[in-house]
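A short worksheet on the structure shown next.
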């Protein structure tokens, strides 16, 4: 089987690395998913890559707990606040330019 086969999931792609582990074990599945994320490569400057990075961040945030989860929520909130403020400033500048 080809390791980088497009339809292959993490468990099939890393069958060589997971020899001796139970494929139904949640920890083995998590390890296969971790290997999949580590070996996934592609251009990081596209919109799709950015969204994939955000999705990975959101999934990892849902797995953690305690103060780390609160810190992740704070980071996300600050990022969204910065985007909203930037959009508001741009909208104000555009309306001022159109009004002149």
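Residue numbers (the numbering used here): 4 to 103.
Beta carbons: idealized from backbone N, C-alpha and C, even for Gly.
{"Query": "Taking the Cβ atom as the reference point for each residue, do residue 59 and residue 40 lie within a distance shorter than 9 Å?", "Result": "yes"}
{"Query": "Using 8 Å for Cβ pairs, my map puts residue 75 next to residue 64. What's the rounded Cβ distance?", "Result": "4 Å"}
{"Query": "Which one of 49, 48 and 34 has the shortest CA to CA distance from residue 42?", "Result": "34"}
{"Query": "State the start and end residues of the unbroken alpha helix (DSSP H) segment that holds residue 53.", "Result": "50-66"}
{"Query": "Could you tell me whether the Cβ atoms of residue 56 and residue 47 are closer together than 9 Å?", "Result": "yes"}
{"Query": "Return yes when the Cβ of residue 20 is within less than 9 Å of the Cβ of residue 38, no when it is not.", "Result": "yes"}
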